[in-house]
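S.K.: So the protein sequences, as listed, match chains A and B.
So the number in this note's numbering is just where the residue sits in the first sequence, counting from 1, plus 515.
So the number in this note's numbering is just where the residue sits in the second sequence, counting from 1, plus 342.
Pasting in a structure now, in structure tokens, and then I'll have a few things to ask.
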Amino acid sequence: GQNIDQPTEMTATEGAIVQINCTYQTSGFNGLFWYQQHAGEAPTFLSYNVLDGLEEKGRFSSFLSRSKGYSYLLLKELQMKDSASYLCAVVRGDYKLSFGAGTTVTVRA
Amino acid sequence: DAGVTQSPTHLIKTRGQQVTLRCSPISGHKSVSWYQQVLGQGPQFIFQYYEKEERGRGNFPDRFSARQFPNYSSELNVNALLLGDSALYLCASSLWDTDYSGANVLTFGAGSRLTVL
Chain A
516 GQNIDQPTEM
526 TATEGAIVQI
536 NCTYQTSGFN
546 GLFWYQQHAG
556 EAPTFLSYNV
566 LDGLEEKGRF
576 SSFLSRSKGY
586 SYLLLKELQM
596 KDSASYLCAV
606 VRGDYKLSFG
616 AGTTVTVRA
Chain B
343 DAGVTQSPTH
353 LIKTRGQQVT
363 LRCSPISGHK
373 SVSWYQQVLG
383 QGPQFIFQYY
393 EKEERGRGNF
403 PDRFSARQFP
413 NYSSELNVNA
423 LLLGDSALYL
433 CASSLWDTDY
443 SGANVLTFGA
453 GSRLTVL
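Rendered as structure tokens:
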């Protein structure tokens, strides 16, 4: 089966840094996506990792360790608009996506 | 450019009824996938179509069916609705159905929220 775990909720203050961890056990691996989803809206693409290491894109960075089945999304200089759910999605061996339940991040002033 | 568009945005049905949800992919995208997202959970894979052929089916009953048209748009049908079918149904498109990358990203529509009473 597919098992993707991420924390349910995280809270941080404006301007701070938050790290959202994702661990996975899936049938095959062809990459990992992070999506942001505001309440009632579509998930929007943040990052994609297929090789080990850190991918940096502005205030957001994503890290992958395939040997450990582990990824994290790092959000820096938090803004109020970053309050959202963050979804970790693994591309399985059959190229279908398995999603975690999502981490709700609340940014406080 | 228009993103992935879905219709209707909201709908209410009663148990036993049937529903058809529609999706238009981003222009040039040939792969369409359907996901079900229950409140508080991540999206669950239902179907994937590429070039009008079914490329995968998730763990959903036969009451769920889908198809892709020559213009790459897609419909998801759910028969004999149950209360548990209440969810946000997301459609996502990509250029092709494999080799995801920064250049081949799964892009989601805003979804169709189905409530079954």
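For each residue, glycine too, the CB sits at the ideal point set by N, CA and C.
1. Listing by chain order, which chain A residues have their CB less than 9 Å from the CB of Ser443(B)?
2. If Cys433(B) and Val380(B) are in contact, beta carbons under 8 Å, what's the gap, nearest whole angstrom?
3. Assuming Gln521(A) and Thr619(A) form a contact by the criterion Cβ under 8 Å, report the distance between their Cβ atoms to the nearest whole angstrom.
4. Could you check whether Ala616(A) and Gly384(B) sit closer than 7 Å to each other, using their CB atoms as the reference points?
5. Report yes or no: do three or more beta-carbon pairs, one from the region 521 to 541 of chain A and one from the region 579 to 592 of chain A, lie closer than 8 Å?
6. Could you check what DSSP says for Gly400(B) in three-state terms: helix, strand or coil?
7. Assign Trp438(B) to buried or exposed, taking buried as 16 or more other Cβ atoms, counted over all protein chains shown, within 10 Å of its Cβ.
8. How about Tyr610(A): is its C-beta nearer than 7 Å to some C-beta of chain B?
9. Along the region 369 to 395 of chain B, where does the CB come closer than 9 Å to a CB of chain A? Name the residues.
M.R.: This is what the structure gives:
1. Taking the second sequence and counting its residues from 1, one reaches residue 443(B) at position 101. Chain A residues near Ser443(B): Gly546, Tyr563 and Val565.
2. The sequence position of residue 433(B) within the second sequence is 91, counting from 1. The sequence position of residue 380(B) within the second sequence is 38, counting from 1. About 16 Å; that fails the 8 Å criterion.
3. Position 6 of the first sequence, counted from the start, is the residue given in the question as residue 521(A). Position 104 of the first sequence, counted from the start, is the residue given in the question as residue 619(A). Their Cβ separation, rounded to whole angstroms, is 10 Å, which puts Gln521(A) and Thr619(A) out of contact at 8 Å.
4. To locate residue 384(B), count along the second sequence from 1; it is residue 42. To locate residue 616(A), count along the first sequence from 1; it is residue 101. Going by C-beta atoms, Gly384(B) is nearer than 7 Å to Ala616(A).
5. yes
6. Taking the second sequence and counting its residues from 1, one reaches residue 400(B) at position 58. Three-state result, Gly400(B): coil.
7. In the second sequence, counting from the first residue as 1, residue 438(B) sits at position 96. Trp438(B) comes out exposed.
8. On the first sequence, residue 610(A) is found 95 positions in, with the first residue counted as 1. Yes, Tyr610(A) counts as interfacial toward chain B.
9. Ser375, Tyr377, Gln379, Gly382, Gln383, Gly384, Pro385, Gln386, Phe387 and Gln390
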